[in-house]
Structures are given as structure tokens and as C-alpha cells.
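Counting from 1153, one number per residue, gives the positions in the sequence shown under our numbering.
Note that the Cβ used here is the ideal one computed from N, Cα and C, for glycine as well.
Below is one structure, written out as C-alpha cells; the observations come after it.
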Amino acid sequence: MAPVFDSQFCRLVGIPLPIVQAPIGGLAVPELAAAVSNAGGLGMLSVTWDESSEIDEKLARMRVLTDRPFGVNLVLDWPQAERLRQCLDAGVGIVSTFWGDPAPLVPIAHEAGAIFLHTAGDVAEARRAVDAGVDVIVAQGWEAGGHVRGEVATMALVPAVVDAVAPVPVVAAGGIGDGRGLAAVLMLGASAGWLGTRFVMAVEAPALPHYRDRLAAADASSTVYSSVFDVGWPNAPHRTLRNSTVEMWEAAGSPPSGERPGEGDREPIL
Ligand SMILES: Cc1cc2nc3c(=O)[nH]c(=O)nc-3n(C[C@H](O)[C@H](O)[C@H](O)COP(=O)(O)O)c2cc1C
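See the structure below:
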């Protein structure tokens, strides 16, 4: 595909548009990632919690759906060397990591010729990742949806990371929802934008219709940064929609896991 936008990141990964579909957990399915890659961005699969057979299925599906570059994402709060090796053996050329130390995995990926991206929430973490040999830093600002690594807003974080890690390219994440946001982070020195919540809305993402409606109706004040949804992944703050679960928890004085109102309810409280 002919380049439409020339940036260091676009050249490195071989895409014509400076848009990455962020790995958004179970919503980052092959149909979504392939649609983004086929449109000229970079699609990302999430394989953090997958069994080996599920990774095989996802990668086989990608081969059917696209011949464009795509990446896989691994969250490092869980051991990931085996999943990484499986993806590399299957020919995946772009790997991204989040929440932990990428240093042990970088040489494995480089040995296989893959490009390594790591998401950082502050300048110190970005510098450490570059020292470990990472090829691209994803600078994730506090506005980000999902799990949030740092406490610095995108507007302040991106130029600081760009300066700190130059000439390593930086991709900006957090609060980018349209072309204006993308243009803004490119002006801050980012080499591309990494959009998560916006792609939750894509028809290819298997989000529940009601959740999609809540996102569509949301405004800039509709989210909350908290630790309320910590089952299965403690000590990892996140940004979510403010719903009745959040409000009951706050009204009860934000108690820890085990003492929360409605905890363990099977029915979603919307
Ligand atoms: C539903 C959801 C799930 C996410 N899961 C992951 C994940 O598995 N791995 C990861 O590196 N980031 C994950 N993230 C964070 C995104 O990669 C990205 O940093 C974030 O969505 C950017 O902010 P935005 O939502 O404002 O675009 C997730 C985000 C969301 C909204």
C-alpha cells in the first residue's frame, strides 16, 4: 500500500496511515485487527490470556483476513515467554507489551526479526524500555481507557517522552477519539496514534450493544479512574465508564475487594 502519511513509525512497521488499533483485551479479535490493517492502519490482537490453541486459531484467521502487517500484545503481569515464542514461530513480526519489564523478551523477539513496542506511563519507564532495546515506545496518558499505567496526561506525557527517547519513535495513547486528537498528538511529536476506546465502537469488535450505547452517549466527564474492577488483576488502576457499580462502591467509601457492595453478582449492574 502506498504511504499516505510519512512517519518513522509508519515506515518501520510498513503501514500507510499513522493509526494503531490498540489491543483492547477480548475485543481485539482478528476481524477487528484485520479490518484496521486492511484499511492502512495497524491492527493488534490481544493474546495475553489465550491458550496455545486459541493463539493458533487467531493467527490462522488473520492469515485468511489480511496480508497486511499486524501485531500481537502481551500484558507482562503474567508469564508470556511461551506465548511470545509461539507467535514468533508463526511469523508475527510486531510485538507489543504492557505493564512490566520487557527486557527478558526483547532479545527473543529481535532474534526472530520482530519489531518490539512497549507501553510506558511515564518518562522513566520509557527510558528503561529503550535501554532494554525496545524499538517503539507507546506513551499512554492518564486519559486512557482500560488499565492505565501512569498518572501523566497525554498532552504532557507525549512531548516529554518524545524528547527523552529520541530518536526512538513514540506512539501516543490515551483520549484520542478522532482526527483532531490524532493531529494533536502528531503535533506533539508522536509518530502515530494508538486508539483503544474508539475501536471498541467498531462494528467488528464484539462489544455488548448496551455497552456500545453507553459509550456513544458518554461525554468527557463520563469516566472514572479507579481500582474498583480489580478481580483477576489487582493493583492495576483503570479508567471505565462511571456506572452504578462505581457509584455504589464510592458511596460505601471505596472499600477493598471482599467488602464491596454487590460483589460477585452475576448480573451486570448497568
Ligand atoms: C477495553 C480495553 C481493554 C484493553 N486491554 C488492553 C490489553 O489487553 N493490553 C494493552 O496493552 N492495553 C490494553 N488497553 C489499553 C489500550 O491499549 C490503550 O492504551 C488505551 O485504550 C488508549 O486509550 P483510549 O481508550 O482513550 O484510546 C485496553 C483498553 C481498553 C479500553
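Tell me the residue span of the alpha helix (DSSP H) that contains asparagine 1190.
Taking the sequence shown and counting its residues from 1, one reaches residue 1190 at position 38. Taken as a continuous stretch (DSSP letters only), the alpha helix (DSSP H) holding asparagine 1190 covers 1182-1190.
Residue range of the unbroken alpha helix (DSSP H) whose run includes alanine 1233:
Taking the sequence shown and counting its residues from 1, the one referred to as residue 1233 is at position 81. Taken as a continuous stretch (DSSP letters only), the alpha helix (DSSP H) holding alanine 1233 covers 1233-1241.
Within 10 angstroms of its Cβ, does arginine 1220 collect 16 or more other Cβ (buried), or is it exposed?
Stepping through the sequence shown from its first residue, residue 1220 is reached at position 68. By the neighbour-count rule (16 or more Cβ atoms within 10 Å), arginine 1220 is buried.
What separation, rounded to the nearest whole angstrom, lies between the Cα atoms of arginine 1350 and proline 1413?
For the purposes of this step, residue 1350 is taken as the residue at position 198 of the sequence shown. For the purposes of this step, residue 1413 is taken as the residue at position 261 of the sequence shown. Looking at the two C-alpha atoms, the distance is approximately 30 angstroms.
If you reduce the DSSP assignment to three classes, tell me which class valine 1304 lands in.
On the sequence shown, position 152 is the one that residue 1304 refers to. Correct three-state label for valine 1304: coil.
How would you label leucine 1211, buried or exposed, when you count the other beta carbons within 10 angstroms and need 16 or more for buried?
Here residue 1211 is taken as the residue at index 59 of the sequence shown, counted from 1. Label assigned to leucine 1211: buried.
If you draw a straight line from the C-alpha of histidine 1262 to the C-alpha of phenylalanine 1268, how long is it?
The residue you call residue 1262 lines up with position 110 of the sequence shown. The residue you call residue 1268 lines up with position 116 of the sequence shown. In a straight line, the C-alpha of histidine 1262 is about 8 angstroms away from that of phenylalanine 1268.
DSSP three-state label for tryptophan 1346, please.
Indexing the sequence shown from 1 puts residue 1346 at position 194. If DSSP states are grouped into helix, strand and coil, tryptophan 1346 belongs with the strands.
Would you say the beta carbon of proline 1175 comes nearer than 7 angstroms to a heavy atom of ligand 1?
Along the sequence shown, read from residue 1 onward, the residue named residue 1175 stands at position 23. Within the cutoff, so yes.
Contact set for aspartate 1287: own chain, Cβ-Cβ below 6 angstroms, skip 5 residues either direction:
As a working note, residue 1287 is residue 135 in the sequence shown. Contacts found: Ile1267 and Phe1268.
Tell me whether valine 1431, by its Cβ, gets closer than 7 angstroms to a heavy atom of ligand 1.
Here the chain covers residues 1153 to 1422 and nothing more, so residue 1431 does not appear.
Three-state secondary structure (DSSP) at serine 1373?
Within the sequence shown, the letter at position 221 stands for residue 1373. Here serine 1373 sits in coil by DSSP.
Let me check you understand the geometry: is the CB of leucine 1347 closer than 7 angstroms to at least one non-hydrogen atom of ligand 1?
Here residue 1347 refers to the residue found at position 195 of the sequence shown. Yes, the Cβ of leucine 1347 comes within 7 angstroms of a heavy atom of ligand 1.
May I ask you to check if the CB of glycine 1384 is nearer than 7 angstroms to at least one heavy atom of ligand 1?
On the sequence shown, position 232 is the one that residue 1384 refers to. Not so, every heavy atom of ligand 1 lies at least 7 angstroms from the Cβ.
Cutoff 6 angstroms; reference valine 1314; Cβ partners in own chain excluding five residues on either side
One-based indexing of the sequence shown puts residue 1314 at position 162. Taken in chain order, the residues that qualify are Val1322 and Gly1341.
Beta-carbon gap between leucine 1194 and valine 1216 smaller than 8 angstroms:
Residue mapping note: residue 1194 aligns to position 42 of the sequence shown, counting from 1. Residue mapping note: residue 1216 aligns to position 64 of the sequence shown, counting from 1. It is not a contact, given that the beta carbons lie outside the stated cut-off.
Supposed close pair arginine 1301, tryptophan 1230 - CB separation, criterion 8 angstroms:
Within the sequence shown, residue 1301 is the residue found at index 149, counting from 1. Within the sequence shown, residue 1230 is the residue found at index 78, counting from 1. Not a contact, Cβ separation roughly 16 angstroms.
Any heavy atom of ligand 1 closer than 7 angstroms to the Cβ of glycine 1299?
On the sequence shown, position 147 is the one that residue 1299 refers to. Position check: residue 1299 holds histidine in this sequence, whereas glycine was assumed. Yes.
Kindly indicate which three-state DSSP category arginine 1172 falls into: helix, strand or coil?
For this step, residue 1172 is matched to residue 20 along the sequence shown. For the record, residue 1172 in the displayed sequence is valine; it is not arginine. Valine 1172: strand per DSSP, three-state reduction.
Beta carbon of valine 1383, beta carbon of threonine 1392: below 8 angstroms?
Against the sequence shown, residue 1383 aligns to sequence position 231. Against the sequence shown, residue 1392 aligns to sequence position 240. No, they are not a contact pair.
Starting from isoleucine 1207, follow the alpha helix (DSSP H) in both directions and report where the run begins and ends.
As a working mapping, residue 1207 is identified with position 55 in the sequence shown. Segment 1204-1217, the alpha helix (DSSP H) holding isoleucine 1207.
From what residue to what residue does the alpha helix (DSSP H) around phenylalanine 1157 run?
On the sequence shown, residue 1157 is found 5 positions in, with the first residue counted as 1. No alpha helix (DSSP H) contains phenylalanine 1157, which DSSP labels as neither H nor E.
Span separating the alpha-carbon of alanine 1187 from that of isoleucine 1176:
As a first step, residue 1187 is located in the sequence shown; it is residue number 35 there, counting from the start. As a first step, residue 1176 is located in the sequence shown; it is residue number 24 there, counting from the start. One C-alpha to the other measures close to 15 angstroms.
Alpha-carbon spacing of valine 1258 relative to proline 1319, whole angstroms:
As a first step, residue 1258 must be located in the sequence shown, where it is residue number 106. As a first step, residue 1319 must be located in the sequence shown, where it is residue number 167. Taking the straight line from one Cα to the other gives about 18 angstroms.
State buried or exposed for histidine 1270, treating a residue as buried only when at least 16 other CB atoms are found within 10 Å of its CB.
Counting from one through the sequence shown, the residue named residue 1270 turns up at place 118. The residue is buried, with at least 16 neighbouring Cβ atoms inside 10 Å.
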